[in-house]
Every structure is written in C-alpha cells, then in structure tokens.
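Numbering (our numbering), first residue to last: 567 to 845.
Glycine residues also receive a C-beta, built at the ideal position from the N, C-alpha and C atoms.
Okay, structure first, notes after.
This is the structure:
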C-alpha cells in the first residue's frame, strides 16, 4: 500500500490568517455579568417557592382538620351522673350542669366542668369523661357525714367540712365544734374519746374545742364533762374510775361533772321536780 500526497508538504499545516502589522484581532463580546444574575434569581425564587408550597399544604390540611373536627364535635345531648348516691340528687346535678354548659362535646373544658361539679356540697370526688358522639359522663363519690359541725355544717371521716341543706335526719349525728382550722383535730379527738368511753357503755354526742384549747363534751346519758386543756387523758381516766365505782348508779341525777381538779371532781346535780321535793 502506498500513501499519496497532493501538493506541497508546507500546505499540510493549517493556514493562519495574516494580521497586518499594527492591527489587532477582534473577538465577539461576552456579557460576563449575565450568568451570576441568573443564578442569583434562581437562588431567590427557590426558597420562596418551597415556602409557598408548604404554606398552601398546611392551609389545606388545616381546612380538612377543621371539617373533621366539626363533624366529630357534636352538641352534648345527654349528661349521665354515675356513682352511689344516698343524699345527692343525680338528676338535679345533671340538670344544673346542662344549664351552665355552652360548649359542644370536644370543645368542652373538662376541668371547668369538674370544678362546677365539685361545688356541689355532697360531691367529695368527681371525674368527667366524654362518650362520643354526644354524651358527657360524670362520675361522683358522695360525701359520708359522720358528725355535725356547729349548727349548720357536716363533717366527713377526714374532718372536712361541707355545707349542705340540713335535714332533720342529720340531727341524730354527734355535734362537734371548734376553730375552723382544727376540724381534723376535733374529729380525731372525737374518735379517741369514743374508744375510751365504750368499755363503760357510753358514747360522745357533743364535743367542743374552745379557742384557748379547752375541751367540753356531752355523753349520751346527758352528762356534761368539763375537761379543760391540760392532762386530758389522765383526767378522763380518773373520771372513768370514779364513774365505775359510784357515779354510774346515779347518772340520771347528774347534770355536769368538772374534772379539772387534781384530786377529785365537782359534780352538779340536776334539780329535782317540785313535786318530789314536796313529797
């Protein structure tokens, strides 16, 4: 095989355009500032577009959530009060809740309803829950009165005062009284005294604590005991010994016994009817 070449060897080299002496070659102009401007424009629009897309998404999501909420949040048409109740009128409690309840089922603030229920004097503990679609369930634990406090209040086992409308049946309860901050102390003393008097067949029907700390009580046989504020247990033990020995036989004649003395007691006898004196 042979290689054929046409023309001179010098013609194989690329020809260069001759530039006259003193002249310069012109190149097409390029705007170097266009590219950075376009990039800056892209950088500015990209986060704005992302933010707008997210904003539209959340607005649509919020609108759908509102529609679902309105579908589920129905008006309360039934209030059910649960729990054992002897003194508490459950129907009346449900009515009073309904009269002051303006929100629908999901919008109702359960803590506000619970506060409303706890204002009832016979409610000790309460719990509120929703039952979809339109029922409010109120669970209550009723107060159990164990004594009267003064002339208008009642006490529970814990010594808490509550103030219901007093009925005649409560008159049979023991009556306690004292400074309001000392209700627990008075209740505890009441239980302790009944334990002391039980062996001799007596019980406390009235117990008073004075502001200065002195105790006075009345027994179920209508004897009033003035105890004072010092050495309470020692004085009561001395009284019980004396009661077993002699006083129990004449208990119906005794009106009051003052046991504040160190070596004895002062007995106040009941006045005899005039007919007996004449006889």
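Residue 562 classed as buried or exposed, judged by whether at least 16 other C-beta atoms fall within 10 angstroms: It is not possible to answer for residue 562, since the shown part of the chain is limited to 567 through 845.
Residue(s) in a DSSP beta bridge with residue 781: Partner(s): 775 and 794.
Neighbourhood of residue 670 by C-beta distance below 7 Å, restricted to the same chain and skipping five residues each side: Taken in chain order, the residues that qualify are 639, 640, 641 and 642.
Distance between beta carbons of residue 760 and residue 769, contact taken as under 8 Å: Confirmed, about 6 Å.
Within 8 Å, strictly: CB atoms of residue 706 and residue 771: Cβ distance not < 8 Å, so residue 706 and residue 771 don't count as in contact.
Where the beta strand (DSSP E) containing residue 824 begins and where it ends: 820–824 is the extent of the beta strand (DSSP E) around residue 824.
Nearest-angstrom Cα separation, counted from residue 651 out to residue 828: Cα to Cα, the separation comes out at about 50 Å.
Where the beta strand (DSSP E) through residue 714 begins and ends: Looking at the DSSP string, the run of the beta strand (DSSP E) that includes residue 714 is 713–715.
Under 8 Å between C-beta atoms of residue 820 and residue 810: In this structure, the beta-carbon distance from residue 820 to residue 810 does not fall below 8 Å.
Sequence-distant residues of its chain with Cβ nearer than 7 Å to residue 732 (five each side left out): These residues qualify, in order along the chain: 718.
Rounded separation between residue 800 and residue 783 - CA only: Straight-line Cα distance between these residues: approximately 16 Å.
Whole-angstrom distance between residue 625 and residue 750, CA atom to CA atom: The alpha-carbon atoms of residue 750 and residue 625 are separated by roughly 58 Å.
Reduced DSSP category for residue 808 - H, G, I as helix; E, B as strand; rest coil: In this structure, residue 808 counts as helix in the three-state DSSP scheme.
Residue 828 in three-state terms, based on DSSP: The three-state reading of DSSP puts residue 828 in coil, since its state is none of H, G, I, E or B.
Candidates 815, 748 and 808: closest to residue 825 by CA position: Of the listed residues, the one whose Cα sits closest to residue 825 is 808.
6 Å CB neighbourhood of residue 577 in its chain, flanking five on each side removed: Since pLDDT at residue 577 reaches only 49, below the 50 mark, its modelled position is unreliable, and no value is offered.
Residue environment, residue 721, which counts as buried when at least 16 other CB atoms sit within 10 Å: With a threshold of 16 other beta carbon atoms within 10 Å, residue 721 meets it and is buried.
Reduced DSSP category for residue 628 - H, G, I as helix; E, B as strand; rest coil: Here residue 628 sits in helix by DSSP.
Presumed contact (8 Å Cβ cut-off) between residue 703 and residue 692, rounded CB distance: Incorrect: roughly 11 Å between the Cβ atoms, too far for contact.
Inter-residue spacing [alpha-carbon to alpha-carbon] between residue 708 and residue 744: When rounded, the distance between both Cα atoms is 25 Å.
Cα-Cα separation between residue 737 and residue 711, rounded to whole angstroms: Computed Cα separation, rounded: 11 Å.
Separation of residue 766 from residue 726, as counted between CA atoms: CA-to-CA, the gap between residue 726 and residue 766 works out to about 30 Å.
Best match in 786, 796 and 785 for proximity to residue 778 [C-alpha to C-alpha]: Looking at the Cα atoms, 796 is the closest of the given residues.
Local conformation of residue 651 per DSSP, three classes: Residue state for residue 651 is assigned as coil, using DSSP reduced to three classes.
Residue 817 vs residue 789 beta-carbon contact at 8 Å: With respect to residue 789, residue 817 sits close: the two C-beta atoms are nearer than 8 Å.
Cβ-based neighbour list, residue 666, same chain, cut-off 8 Å, excluding 5 preceding and 5 following: Correct list, in chain order: 682.
Beta-bridge partners of residue 847, as assigned by DSSP: Here the chain has residues from 567 to 845 only, and residue 847 is not among them.
Residue environment, residue 802, which counts as buried when at least 16 other CB atoms sit within 10 Å: Result: buried.
Under 8 Å between C-beta atoms of residue 679 and residue 661: Not closer than 8 Å, so no.
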